[in-house]
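As structure tokens, the structure follows; a few thoughts come after it.
In the working numbering, the protein residues as written are 3 to 284.
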């Protein structure tokens with residue numbers, strides 16, 4: 003029996019779960035080389051959890067073909083891009099950067115409290131993977147809510163994100179009280195779905211605990227969450243990306259030719275950064 007042919011009302015089973023791989027303050031939950039192919043366009047997910055003064059952050063590094071979205075749960079993240087955009091995102095805020103034909107950026111943790119949150123990569127459709135870069139930065143009060151869910155990307159429950167993400171993607175940050183039940187109805191055509199829990203435990207009906215990512219069987223069915231304790235998690239749903247994931251070190255494209263073009267854009271910007279003394283090329 004396929005995921006789309008389950009009996010009416012049957013829960014969507016979990017088909018993959020992981021606690022990722024931790025390296026310092028970063029836990030990598032998903033990458034294009036593992037679970038990313040199951041839930042594309044979502045192809046990469048990191049959880050970061052750093053104490054103040056830990057020195058965590060990322061120096062100048064490039065991307066092409068993808069959009070990155072940083073969701074800050076606690077603390078703050080400073081950022082700067084080769085597009086000229088720079089600033090800081092505080093708790094509850096969002097950093098959205100569509101790299102497309104090539105961007106370099108850098109980030110650092112800020113503030114005197116722990117900094118925690120997620121960074122997500124999204125594979126772009128062919129029409130956007132080599133276009134002009136685009137950025138959007140939102141404070142916590144600019145992220146709309148629908149019940150217990152903050153709508154980070156897409157539309158849900160009458161609320162709509164202002165982030166200009168491609169159509170067919172939903173990304174929510176959900177908070178539930180112990181014993182509370184919440185039903186997620188995927189928008190039409192969005193057959194891939196996953197969650198990552200960073201607080202407490204939810205039953206779906208299998209239990210997923212803090213630190214875990216779980217991927218659901220593809221399908222159109224609703225997913226019902228019951229909080230076994232006060233819980234917080236992120237949830238992604240989307241129409242499945244129809245292309246293979248053609249990857250470079252910092253890039254994801256739909257074809258080899260597109261990857262070559264994106265990496266050429268990255269190299270052009272690298273020469274500019276080197277001339278300014280910001281990076282040293284090998």
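Glycine is no exception: its CB is placed at the ideal position from the N, C-alpha and C atoms.
A contact between stretches requires three or more CB pairs, one per stretch, nearer than 8 Å, and the segment 104 to 116 meets this requirement with the segment 76 to 89. Assigned with DSSP and collapsed to three states, residue 217 falls in strand.
Beyond the five residues adjoining it in sequence on each side, residue 137 comes within less than 7 Å, by CB distance, of 83, 85, 87, 98 and 99 in the same chain, given in chain order. Taking a 10 Å sphere around the C-beta of residue 198, we find 16 or more other C-beta atoms and assign the residue as buried. In this structure the segment 171 to 184 touches the segment 227 to 241; the number of beta carbon pairs closer than 8 Å is three or more. Each residue's CA atom was taken as its position, placing residue 38 and residue 280 some 32 Å apart. Below 8 Å, enough C-beta pairs join the segment 161 to 176 and the segment 135 to 149 to call them touching: three or more. Remark: fewer than three beta-carbon pairs, one from each stretch, lie closer than 8 Å, so the segment 156 to 170 and the segment 210 to 230 are not flagged as touching. Secondary structure note for residue 264: its alpha helix (DSSP H) is the uninterrupted segment 258 to 277.
Here residue 190 is exposed. Its C-beta has fewer than 16 other C-beta atoms within 10 Å. 64 is the residue among 64, 208, 89 and 273 whose C-alpha sits nearest the C-alpha of residue 123. With the rule of 3 Cβ pairs closer than 8 Å, the segment 206 to 222 counts as touching the segment 20 to 34.
A residue is called buried once 16 or more other Cβ atoms fall within 10 Å of its Cβ, and residue 131 is buried on that count. Residues 223 of the same chain have their beta carbon placed closer than 8 Å to that of residue 12, with the five preceding and five following residues left out of the count.
Bridge partners of residue 30 according to DSSP: 23 and 48. Residue 16 and residue 195 have their C-alpha atoms spaced approximately 10 Å apart.
Beta-carbon to beta-carbon, residue 106 and residue 271 are separated by about 5 Å, close enough to satisfy the 8 Å threshold.
In this structure, the CA atom of residue 158 is about 38 Å from the CA atom of residue 266.
Rounded to the nearest angstrom, the Cβ distance from residue 256 to residue 128 is 5 Å, consistent with a contact under 8 Å.
Residue burial annotation: residue 33 is buried, with at least 16 other C-beta atoms found within 10 angstroms of its C-beta. Beta-bridge partners assigned by DSSP to residue 96: 73 and 140. Judged by DSSP in its simplified three-state form, residue 248 adopts strand.
Between residue 44 and residue 28, the CB-CB gap reaches or exceeds 7 Å.
Taking C-beta atoms under 8 Å as the contact rule, residue 238 and residue 41 qualify, at a distance of about 7 Å. Boundaries of the beta strand (DSSP E) harbouring residue 107: 105 to 112, taken from the DSSP string. Residue 142 is positioned such that its CB atom lies closer than 7 Å to that of residue 95.
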